[in-house]
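Residue numbering for the sequence shown is 1 to 489, as defined by UniProt numbering.
Note that the Cβ used here is the ideal one computed from N, Cα and C, for glycine as well.
Shown next, in structure tokens, is the structure this report addresses.
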Amino acid sequence: MALWPLVLFTLGLWLLIRKWPLLRLGMSLAGPWAFPLLGNAQMVGKLKPEFIFLVFTELRDRFGATYRLWLGPQLWVFLHSAEETRQALHDPTLRKAETFLQLEPLIGNGLLISHGAHWTRQRRLMTPAFQPNILRGFAPAVARHVDALILKLEANKGASLEVTDPLFACLLDAIVETSMGAQLNTQSQDHSPVVLAFHRSSELLFKRMINPLLASDWIFRRTQLWRDLREQLQVIHTLMDSVIDRRARDLEKEMGDSPGKAHNLLDTLLLAKFNGESLSRKEIRDEVNTFVFAGVDTTTAAMSFVVYALAKYPSAQTRLREEIQQLQASELENIDALNELPYLEALLKEVLRLYTIVPTTGRQTTQNTVIGGRSYCPGITLWINMYGLAHDKEYYPDPYSFKPERWLDQEDPPPPFSYIPFSGGPHVCIGRRYSLLLMKLLTARLVREFHLELGPLQAPLKLQAQMVLKSQEGIHKTKCASWRRLLVL
Ligand code: HEM
């Protein structure tokens, strides 16, 4: 008699017993109908970037604050309540979602995806480089790059302009100078290979992240996508290696016989010693690439939405300009003076709420844990919908309207962890104060120099969630007329 039915039955029973906690949890949660074995993989595979977070939010409306999707045997649970989010972000047993580990070719084991003792050590090492007194010293260097941006925008003399690319070049130059002491001068180049390499590698990495068929390294490394990515990474790694080598040589000269003093983040990494050992060049490059990757795209996206919102809502622009005109010209480079402007603060907060730059983040359970009173076994992916929280009408009445005023004189403030554009808990964005400094310096100057208007060809924004939230067709055909000099974006 053939033995295979018995073997199959035993295997099935063994799998069922092993996966029972996962199955039981999956069955107890509401979610769309799932095909046997495939689950909802077909639906997730078809999701386009412009729909992902809208679909997740719509599913929330249909299935309640906590719902599930099956990706074959994998269980995804979506958390939408502020309290569950708080608990998940503070749970020390969770790791970053496995999907994020696919960023490894660009950022290695950098802070964004590392965990455990390595993450703790690196986070402790780098936190001092982002303290307010250090950041304050960055303002003059950032202001020089903002000057170059203003000149570039003025030179456009009324012709149509896409704002995202000039903002990206300005922020890349500013972040590289302030965190690594190097001048990239991408603003003065029309087609900078390194800008292109960062754009292309983000796109290619994201394409992989949303395609479950490319999850395996073995498969991915046999695709054209990988060959294209490798080419772009070569450009980035070569540049960063040369920046690191140059600074290492200069530091050695500066130090002589005395112990070195760190002037920026790269110095901190180069001078670090653990048990007498320095960090390897690869470890340093991973962290440096993490900062550029995590910092430039996000702050560019945020500033593009600031420019768009100012152009779209003229009364907000006028109110902000009036507030900024109270400052002396020299105070526009003074972060303490800018921090005293309540409407600027409220406007940036509202932009980061309405256009949630990082719409979702994910965590992986590694052992049994309890979140929001529900027990989770290992191997579950938890998705935190920052976009959904920031657009929940329970927390933010009229959530799709742009209302900076909602952040002024709040009588009934929204609950903690409903507004988390920079995430929260121990993995809260290490660059949050830094990005706010960049945004304040840029916004104040742009509003002071230009009158921003939407051009007649600016189509309604179609948002899409790539690595960060973006406008599908960029932010352009936006008229940007100087209130002193006329200019069209
Ligand atoms: C508007 C601008 C920014 C936004 C919206 C933003 C958002 C975020 C979010 C949501 C996270 C947490 C992800 C998670 O919990 O899984 C994060 C982490 C991080 N961000 Fe930012 N970020 C911004 C700017 C920056 C800047 C300017 C830098 C550095 C130059 C930076 C560096 C990092 C790093 C290194 C992490 C990982 C922190 C850790 O896990 O310990 N970010 N950011």
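Query, Result
"Kindly examine the ligand HEM and report whether one of its heavy atoms sits closer than 6 Å to the Cβ of G431.", "yes"
"Answer with buried or exposed for A2, where buried requires no fewer than 16 other C-beta atoms within 10 angstroms of its C-beta.", "exposed"
"Taking all protein chains shown into account, do 16 or more other C-beta atoms lie within 10 angstroms of the C-beta of W76, making it buried, or fewer, making it exposed?", "buried"
"For the alpha helix (DSSP H) that K157 lies in, which residues bound it at each end?", "Element bounds for K157: n/a, residue is neither H nor E."
"Hey, L265 and M180 are a contact pair by Cβ (cut 8 Å); roughly how many whole angstroms apart?", "7 Å"
"Residues in the same chain with beta-carbon distance under 8 Å from P193, minus the five sequence neighbours each way, listed in chain order, please.", "V235"
"With DSSP run on the structure shown, which of helix, strand or coil describes T114?", "The sequence as given places Ser at residue 114; Thr does not occur at that position. Coil, per DSSP."
"In three-state DSSP terms, what is A65?", "coil"
"Candidates G295, G372, L354 and G379: which alpha carbon is nearest T365's?", "G379"
"Do the stretch 279-292 and the stretch 203-217 make contact, defined as three or more Cβ pairs closer than 8 Å?", "no"
"If you measure from the CB of V306, is any heavy atom of the ligand HEM nearer than 6 Å?", "no"
"Would you identify the three-state DSSP class for L3, choosing helix, strand or coil?", "coil"
"Quick check on R247: does DSSP put it in helix, strand or coil?", "helix"
"Given a threshold of 16 other Cβ atoms within 10 Å of its Cβ, counted over all protein chains shown, does P421 qualify as buried or as exposed?", "buried"
"Considering just the uninterrupted stretch of the alpha helix (DSSP H) at R432, what are its terminal residues?", "R432 to E449"
"Roughly how many angstroms separate the alpha carbons of I284 and G137, rounded to a whole number?", "23 Å"
"Given W439, which residues of its chain have a CB within under 8 Å of its CB, disregarding the five upstream and five downstream residues?", "Reading the sequence as shown, one finds Met at residue 439 and not Trp. Counting only Cβ-Cβ distances below 8 Å, and skipping sequence neighbours, we find T299, A302, M303, V306 and L348."
"What residue ranges within the stretch 344-415 form continuous alpha helix (DSSP H) runs of no fewer than 4 residues, ordered along the chain?", "386-390"
"Go through its chain and collect everything with a Cβ distance to R433's Cβ below 7 Å, but skip five positions before and after it.", "F130, P132 and L135"
"Report the residue from P460, H427 and L437 whose alpha carbon sits nearest the alpha carbon of L111.", "H427"
"Regarding Y434 and the ligand HEM, is the C-beta to nearest heavy atom distance less than 6 Å?", "yes"
"For the alpha helix (DSSP H) that contains W218, what are its first and last residues?", "D217 to F220"
"Kindly examine the ligand HEM and report whether one of its heavy atoms sits closer than 6 Å to the Cβ of V195.", "no"
"At what residues does the beta strand (DSSP E) containing K470 begin and finish?", "L469 to S471"
"Alpha carbon to alpha carbon, how far is R246 from A169? Give it in angstroms, no decimals.", "22 Å"
"Could you tell me whether any non-hydrogen atom of the ligand HEM is closer than 6 Å to the CB of A82?", "no"
"Give the straight-line distance between the Cα atoms of L233 and T223, rounded to the nearest whole angstrom.", "16 Å"
"Which whole-angstrom value describes the C-beta separation of A88 and R363, a residue pair presumed to lie in contact below a C-beta threshold of 8 Å?", "6 Å"
"List the whole-angstrom C-beta distance separating R144 from I324, where the pair is believed to meet the contact cut-off of C-beta under 8 Å.", "That pair is no contact at about 19 Å."
"What do you reckon, are the CB atoms on F63 and A30 nearer than 7 Å?", "yes"
"Just checking residue 562 against the ligand HEM - is the residue's beta carbon closer than 6 Å to any of the ligand's heavy atoms?", "No answer is possible for residue 562: it lies beyond the span of the chain, which begins at 1 and ends at 489."
"How long is the line joining the alpha carbons of R321 and T356, rounded to whole angstroms?", "24 Å"
"How big is the Cα-Cα spacing for M43 and T99?", "17 Å"
"So the candidates are R227, L23, R123 and V358; which of them puts its Cα closest to the Cα of A465?", "V358"
"Just grab the DSSP bridge partners of Q466 for me.", "In DSSP, Q466 forms no bridge with anything."
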